[in-house]
Structure formats: structure tokens, C-alpha cells
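Take a look at the structure below.
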């Protein structure tokens, strides 16, 4: 009998049939999309009379015929009086049961390996799954992450060793493992140990992680004159700039003097404005004091008049009662002279009450005037404080990308553990706005053992004109106060993928830096430097402004 006569292809519908038992579940999974070739012809007793294929999860009806579980369920659910297709006997649901004997016989039938085009192995249906788990011709997926290739098990080892584009290979420079697809890009653009040509074309090959240090001293690097912030526009190679600075010393001195004169003039104008506002504030204070005294005097006068008026009212009431009593006793004509005298006194009292009312109205006007002057005084005080803050800001702000930050009371601030924020500084008048954050007691993994230092980008007035993300090299230093210049310095180039160096959406970006910048032991008791003197520490932040266009 030919192999084709024994083939049995299981459709997707049959693969969804419910199979009871663990081995039946594995069999159903196996037959979901495979072609089975039985060694011998399948007996008719194993063929389902509904789907005409080998029964899966066999169930026997009362008539003795075997059905697939799913087929007999469909037959029972679709008709009110289901009948067997072979003998047309009525099938009763309570007579249908799972035929475990038939299931065992099916599992003991011999089949060829489903990879029979290459593999000649024969086994029982129950052990087919175990064979496929070790069959050399079974198709398997590459185990390397990211690889989707499907290959035969016998070829998997060679594929993993030499054919897979996602296998890990060590970088020839830094020895770190990367996938073959990423290795070339890593070596050409990222690897810190790879040698690259100097961007200034000096002819040297420099390791990528030493490129910034080389740039600082490369004679072919184009740099600005160090007096650029004072108005010098010279930009040339480092050696030529040094010659320029030596030969143009007098010109540079004039530029510095001119800039200093402008600053002194600006400071003088601010001081004059401050004095004028102090004078206006003093005048307003005197006016308010005068109004307060006048209001106090009017209050005392009004209080005295109110007391006197109340006494007079009581006195008039008493006299009227006495007069009424006398009229009743002596007659209506008695005491007319006294009555006229009392009426005159009453008129006088009424005049004094009217005068008191006028004084009360005047007092209300004075109170309103006093409140108005108090509001004006508050406005002037706020303007004065704003001008003082602006003056302090102008004195401390740097516009050359360099910040020298003096931290006093080092011991107390270290013990408090609170973060310190540096005053903002700029890379130029229209450049990036930056600041720094310092944890004297340490932050994160450096808490309690190290000084932590971070750089922060702040939202500036010219951000829309600047290139983003921020990519200028930065040097962070703790300065030696012993004169030997043994500073502790760490430099880095911002990662363009880090959100900390993208254009700020809020007032500041998330800080980026070093939680373990320098240990407390090296900071407070170094061998060849003095970092803390007179309870004071100096921090220096230097941004390399090379390549930045001055707007």
C-alpha cells in the first residue's frame, strides 16, 4: 500500500475539538496543522461516520458506532431526533459516552514522522510528540532574541555560531558583546574605545572617550578669543589665537575697560534709581505718620464730644422731668424764664452735636486718604524690592558659560542634607540658561558618603533660536584653595537621547550629573589639596562654547 493511501490531513476545525486527558491534549496540538501518514491502512471502525476521518476524542453512541466528540455534539445540537448516519438508529444523549478503549487503540497505531521527506523514523501516535522534540529535521525558531528565522534542528548550531545576524559578538575595541546587526554601528559611532580621526584634521587618531580632552589642546581646533565676551570677534586656530592675544593686548585692555565702564554706568544708574525710590518711600512714610497723628487727634476729639453729648442728653431729660413736675404743681405760667434758659442751652447743645457730626465725616475722609497712601506705599516697597533683586541678579550672572559658585557654612549645610541650587548662568547673552544642584551630604547612591553634583538646563528667553538637544561638553570641578590648582574635575558630553538635555518644557529640566562626584573623605582631608577652607567650598562649572553661534 502506498504512503499516500495512509495520509490523514487534520483540518483546523478538527484541531479545535475538545480532547480530554493530557495525552489527548498533546495529540490535538500535534494534529492542528500536520499531515499524518499511518504505516498500515486505518480500519473502518476508527473512521468517524460524520466527517469521514480518523476519530478524535472518540465517543460511542448507543448503536455502537464511534464518532468524534465534536461531530456528535453538532449532531445532537442541530436536530431534535438525531440518527446515526450508518444504521439510522436514534441517538440518545444519555447513551453517548467516551470510548477510552478506542482512544488507546488509536494511540498505539504506528505513523511515520511528520518530517518523513527527510526523516524515516516510525513510532506510535502516542509517542510522536516525544520524537518530534528531538527530531533533527523538525523546524524550530532561532533562540537569539530578535531573530525570526525558522530552521531545521540539525542546522541550528551552525546558524547560532555563524549565520544568525542577532548572535552576540564582542567589540574589537571595548570587548562588550553586541548583536552582529548592531556591532558595526557601535564601532563606527558609539564605542568609547574606538579610535577616530581628530575633527579638526590635525592628523591624530584619538580614542572617542578622549576626544574632548584632545579638543581642549588640539592646535588645529578653532576657538574664540578669550576676550570675545568683551567684544573681540577673532576666531582662529588655537596657536593663532594665542599669538593674537599676545599681540593685541592693548586692544583687549581697551575692550575690557569699555565693558567695565558700561557696567559701572549701569550700576550707578541703578543706585541713583534706588536712592530716589528710598526718598519717595521716606516722604510717603512721613505723610502716613502725619495722617495717623491727625486721625488719632480727631478720634480723641470725637470721643470727648460723644461723652459730653450723652451727659447733656441725660441732663436735659432730667430737667424736662423736673419742669413737668413743677408745671403740674405750680401751674403752666411758672418758670417761663427758666424754661427759655433751658431751651437756649438745648440749642447750644444741638449746635455742638452738629459740629461733632461734621468732624466725624471729616474723619472718614482722612481714613480713606490714609488707606490710599498705605496702598501706594506698599506698591513702592514692592518696586524697590524688585529693583534690588534685579541689581543682585545683574551683579552675579555670568554670560561666558562659566560659573564660580561659593558655598559658605559648609558643615551646617552638609548636616542639614538639603539640596542647594546655584544662581543661573548663560553660555552667552543670548545662549543657553543653566544652573547646578548640589547635595553636600550626598544623593541617591552617594547619600552619606559622597558629594553629589548635577547640571540643570533652565528655560531661557532665546530657546527657540538655539539648537536642541544641548550637546556642549561640560566640566564640573571642586576647586583647590591651596594655590596648587589640584582641582577635582570631571567632564562629560551630553547624551542627545537623554531628556535632561532636550529643550525645557517647564522652568527646569531633570538634573543630570554625578551622585558620587567626590567622596567626603577626599573632599575634607585630601593629601595634596585644600577644598574646604574657612568652612567654605568653591564649585566651578565650565561649558565649552566652541561651535555656538553668537546671535
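In this note's numbering, the protein residues as written are 3 to 553. Just so it is clear, CB atoms sit at the ideal spot from N, CA and C, and this is done for glycine as well.
For residue i: DSSP bridge partner residues
| i | result |
| --- | --- |
| residue 103 | The partner list for residue 103 (beta bridge, DSSP) is empty, contrary to what the question assumes. |
| residue 450 | According to DSSP, residue 450 bridges with nothing at all. |
| residue 601 | Summary: the structure shown does not reach residue 601, with the chain confined to residues 3 through 553, and so no result is reported for it. |
| residue 456 | 439, 515 |
Beta-carbon proximity of residue i to residue j, cut-off 9 Å
| i | j | result |
| --- | --- | --- |
| residue 179 | residue 167 | no |
| residue 542 | residue 409 | no |
| residue 213 | residue 200 | yes |
| residue 494 | residue 478 | yes |
| residue 374 | residue 307 | no |
| residue 100 | residue 61 | yes |
| residue 150 | residue 130 | no |
| residue 440 | residue 428 | no |
| residue 525 | residue 491 | no |
| residue 412 | residue 539 | yes |
| residue 222 | residue 240 | yes |
| residue 220 | residue 234 | no |
| residue 460 | residue 496 | no |
| residue 209 | residue 118 | no |
| residue 64 | residue 98 | yes |
Enclosing beta strand (DSSP E) for residue i [first to last residue]
| i | result |
| --- | --- |
| residue 79 | Here residue 79 belongs to no beta strand (DSSP E); instead the alpha helix (DSSP H) covers 71 to 80. |
| residue 56 | First-last for residue 56: undefined, no H or E at that position. |
| residue 199 | 197 to 199 |
| residue 230 | Premise fails: residue 230 is in no beta strand (DSSP E) and is neither H nor E. |
| residue 226 | 224 to 226 |
| residue 404 | 404 to 409 |
| residue 544 | 538 to 545 |
| residue 154 | 152 to 154 |
| residue 113 | 112 to 114 |
| residue 142 | 141 to 143 |
| residue 170 | 170 to 172 |
| residue 478 | 476 to 480 |
| residue 208 | 207 to 209 |
| residue 506 | Counting along the chain, residue 506 falls outside any beta strand (DSSP E), and DSSP gives it neither H nor E. |
Expected contact under 8 Å - CB spacing of residue i and residue j to nearest Å
| i | j | result |
| --- | --- | --- |
| residue 464 | residue 432 | 4 Å |
| residue 125 | residue 113 | 7 Å |
| residue 272 | residue 393 | 5 Å |
| residue 422 | residue 415 | 7 Å |
| residue 348 | residue 290 | The pair is not a contact, with the Cβ atoms about 41 Å apart (cut-off 8 Å). |
| residue 454 | residue 517 | 5 Å |
| residue 133 | residue 147 | With a Cβ gap of about 29 Å, residue 133 and residue 147 do not count as contacting. |
| residue 430 | residue 552 | 5 Å |
| residue 365 | residue 309 | Residue 365 to residue 309, Cβ: 16 Å. No contact. |
| residue 545 | residue 468 | With 8 Å as the limit, residue 545 and residue 468 do not qualify as a contact, their Cβ atoms being about 13 Å apart. |
Start-to-end residues for the alpha helix (DSSP H) that takes in residue i
| i | result |
| --- | --- |
| residue 241 | 240 to 249 |
| residue 417 | 412 to 418 |
| residue 125 | Not the alpha helix (DSSP H): residue 125 falls in the beta strand (DSSP E), residues 124 to 126. |
| residue 526 | 522 to 526 |
| residue 435 | Counting along the chain, residue 435 falls outside any alpha helix (DSSP H), though it belongs to the beta strand (DSSP E) covering 435 to 441. |
| residue 131 | 130 to 134 |
| residue 218 | 213 to 219 |
| residue 182 | 182 to 187 |
Neighbour flag for residue i against chain C, beta carbons, 9 Å
| i | result |
| --- | --- |
| residue 223 | The structure shown contains no chain C, having only a single protein chain. |
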